[in-house]
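Trainee: Heads up: the sequence shown is residues -31 to -1, 1 to 250, going by mature numbering (1 follows the signal peptide of the UniProt record, and there is no 0). Ideal placement from N, C-alpha and C gives every residue a C-beta, glycine not left out.
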Amino acid sequence: MNILSRFAAVRRGLLFGLVGLGLVATVPAQAQTLEKVKKSGELRIGVAPGDPWYYRDPATGQWTGVGVLMGEQIARNIGVKMVPVETTWANSVAGLQSGQFDVMFVLDATEERKRAIDFPAAPMLWYAQGVLAKDGLTVKNWSDLDKPTVRVGVALGTATDRDLTKRLPNAKIERFTNTDETVAAFNAGRVDAIGFYHSVLTIAYSKIKKGSVQIPQPVVAIATSAGVRKEQDPAFRDMLDEQFKKLYASGQTQALYAQYLRTKGLDPDKMPGVTKESLEK
C-alpha cells in the first residue's frame, strides 16, 4: 500500500469514527435550502401546465400564472430571482425530494403528500367547489341545482363528481372523460351547468364567454399551499409561512390573482376571489 492509499484509508477510518460518535454533521443536500437560495440568488419553482396556476404561452414559451406571480413576489421580497423549472404534477413530490426545484406553489397538503414533503402552516390561497351555470340560471344554494330537470356536467371520477353525486341526488349528473370535454358539453348546451373548482371554471369562462361562475351555499372551500422538501432546518418552510401570512393579510394574494385574471380579459371584480372570506360572503 503506497502512502496515498494509507492516507486515504486512515482518513476513511477517522471519518467513520467521527460519524459514529455523532461529531460530523450528516446534512442532506437540501437541508440549507434558504441559505442556498440566497447564495445562488435564485428561487427555483416547479411549474406544470394547469391554468390559472401555471400557464406556458405557446407563442413565447414564457411561464405565467398565479403560482408564477407568487414566486416572483416572494423572490423579490427576499432579494432573489425566480426561476421556473418545468415539471409535471405527478412528479411534483419526487422533484422536490430530489432537489430539482425548491418549492411548488398551489400544491394541496394531502395526508399522503405530508408523509413525503413539508408544507407551510399558513394557506397560500383558497379555492371552492363552484359551477359555471348557463345564462339565466341563478345558483345561490346547491339546492337550486338539485332538480330532475337540471343537467349538471362533471369530469368522471373527480372529487367534484363524488361530491355532487351525493350533494345533488335529484339532479341529472352527466359525466365526461375530462374537464375539456365537460366544458365543451356546456358550450354546446348539452348541460345546464358544470361543476368544478371555481378557479378552473373561471379560466373556462374566459375562453367561451358563456354563462357565469357561481359559488353556491354552503360553500365548500379548500385551502391550498406550497410543497417544500422535508429537512432538519425549517427556515425555508417558515419563511414561506410568514410570506403567505403577510401577502394574504395585506390583500396582495388576491391582487396577484386579479392581476392574472386581467391577462385573460376578465374583470376580477366580477369573479370569485381566492380568499376564504370573499368566497364565504
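(1) Please look up how many angstroms separate the CB atoms of residue 116 and residue 140, rounded, as I've assumed it's under 8 Å.
(2) Leaving aside the five residues before and after residue -9 along the sequence, list all residues of the same chain whose C-beta is less than 6 Å from its C-beta, in chain order.
(3) Roughly how many angstroms lie between the CA atoms of residue 170 and residue 200, to the nearest whole one?
(4) With a threshold of 16 other CB atoms inside 10 Å of the CB of residue 30, please say whether the residue is buried or exposed.
(5) Could you compute how far the alpha carbon of residue 249 sits from the alpha carbon of residue 208?
(6) Counting C-beta neighbours from all protein chains within 10 Å, is the total for residue 125 16 or more, i.e. buried, or is it exposed?
(7) In angstroms, rounded to a whole number, what distance separates the CA positions of residue 93 and residue 173?
(8) Hey, quick one: how far does the beta strand (DSSP E) through residue 189 stretch, first residue to last?
(9) Can you have a look at residue 194 and say buried or exposed, based on whether 16 or more other CB atoms are within 10 angstroms of its CB?
(10) At 4 residues or longer, and completely inside the segment 40 to 71: list those alpha helix (DSSP H) runs for me, N to C.
(11) For residue 191 and residue 95, which I take to be in contact (beta-carbon distance under 8 Å), what is that distance rounded to the nearest angstrom?
(12) With H, G and I counted as helix, E and B as strand and the rest as coil, what does DSSP make of residue 222?
Mentor: Inspection of the coordinates gives the following:
(1) Taking the sequence shown and counting its residues from 1, the one referred to as residue 116 is at position 147. Taking the sequence shown and counting its residues from 1, the one referred to as residue 140 is at position 171. Sure, about 6 Å apart at Cβ, within 8 Å.
(2) One-based indexing of the sequence shown puts residue -9 at position 23. Low confidence applies to residue -9: its pLDDT is 36, below 50, so where it sits in the model is not reliable enough to give any reading.
(3) Along the sequence shown, read from residue 1 onward, the residue named residue 170 stands at position 201. Along the sequence shown, read from residue 1 onward, the residue named residue 200 stands at position 231. Whole-angstrom Cα-Cα distance: 36 Å.
(4) For the purposes of this step, residue 30 is identified with residue 61 of the sequence shown, where counting begins at 1. Per the 10 Å Cβ criterion, exposed.
(5) Residue mapping note: residue 249 aligns to position 280 of the sequence shown, counting from 1. Residue mapping note: residue 208 aligns to position 239 of the sequence shown, counting from 1. Straight-line Cα distance between these residues: approximately 28 Å.
(6) As a first step, residue 125 is located in the sequence shown; it is residue number 156 there, counting from the start. With fewer than 16 Cβ atoms within 10 Å of its Cβ, residue 125 is classed as exposed.
(7) Translated into positions along the sequence shown, residue 93 becomes position 124. Translated into positions along the sequence shown, residue 173 becomes position 204. Their backbone Cα atoms lie some 23 Å apart in a straight line.
(8) To locate residue 189, count along the sequence shown from 1; it is residue 220. Element bounds for residue 189: n/a, residue is neither H nor E.
(9) Residue 194 sits at position 225 when you count from the first residue of the sequence shown. If you draw a 10 Å sphere on the C-beta of residue 194, you find 16 or more other C-beta atoms in it, and that means buried.
(10) Assignment of alpha helix (DSSP H) within the segment 40 to 71, counting only whole runs of 4 or more residues, yields 61 to 66 in chain order.
(11) The residue you call residue 191 lines up with position 222 of the sequence shown. The residue you call residue 95 lines up with position 126 of the sequence shown. With 8 Å as the limit, residue 191 and residue 95 qualify as a contact, their Cβ atoms being about 7 Å apart.
(12) The count along the sequence shown starts at 1 and reaches residue 222 at position 253. If DSSP states are grouped into helix, strand and coil, residue 222 belongs with the helices.
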